[in-house]
Amino acid sequence: MPGKILLLGANERASFSVAKNLSLRGYHVDIAHWGHHPLAASRFVKEFHALPAIESDLYAFFTAFIQLVKQTSYGLILPVNDIGVEFLLHYKAEIERYAMVGGINLPDTIRYSRNKYELWKLCREMGFKVP
1 MPGKILLLGA
11 NERASFSVAK
21 NLSLRGYHVD
31 IAHWGHHPLA
41 ASRFVKEFHA
51 LPAIESDLYA
61 FFTAFIQLVK
71 QTSYGLILPV
81 NDIGVEFLLH
91 YKAEIERYAM
101 VGGINLPDTI
111 RYSRNKYELW
121 KLCREMGFKV
131 P
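Note that the numbering used here gives residue 16 to position 16 of the sequence shown, counting from 1, and the numbers run on in steps of one.
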């Protein structure tokens, strides 16, 4: 088997599609999410890890997440939603002591995906026609 991949965050579309495609290519796919989610029952997900609520207790979430990553030999951790991207970007140095983090753009790039006004200004500066 090619290796273990941890998806951070769960949603019906992205998480299911990514888990399915990776699983069909022989990867062991786990999902870590803040709370329970129907994807826990997916045949494409080997293990579902329900972690503390990231929105209400970041420290508890971080502690549980690091413990999970330390105990399991993941070759790659991928975010599948905005909260997962923000978390991995902020704690990337700590997390990469235990596993590689992928799917994270540079902070300047993320700035434009979060702030549509900044994206609009950039497009105008580059000469694109924008409303």
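We put the CB at the ideal spot given by N, CA and C, even for glycine.
Residue of the options minimising C-alpha distance to residue i
i	options	result
residue 101	112, 115, 86 and 52	86
residue 8	59, 42 and 81	81
residue 35	5, 64 and 77	64
residue 24	41, 33, 71 and 46	46
residue 62	92, 126, 110 and 42	92
Expected contact under 8 Å - CB spacing of residue i and residue j to nearest Å
i	j	result
residue 14	residue 37	The pair is not a contact, with the Cβ atoms about 12 Å apart (cut-off 8 Å).
residue 16	residue 51	Actually they are not in contact, since the Cβ atoms of residue 16 and residue 51 sit about 19 Å apart, beyond 8 Å.
residue 78	residue 5	6 Å
Inter-residue Cα distance where the pair is residue i and residue j
i	j	result
residue 106	residue 83	16 Å
residue 130	residue 103	28 Å
residue 12	residue 18	10 Å
Per DSSP, the bridge partner or partners of residue i
i	result
residue 32	8 and 49
Residue i CB to nearest heavy atom of the ligand ADP below 7 Å
i	result
residue 73	Looking at this structure, you won't find the ligand ADP or any other ligand, since it has none at all.
* the stretch 88–97 contacting the stretch 119–131, beta-carbon criterion three pairs below 8 Å -> By the criterion of at least three beta-carbon pairs nearer than 8 Å, the stretch 88–97 is not in contact with the stretch 119–131.
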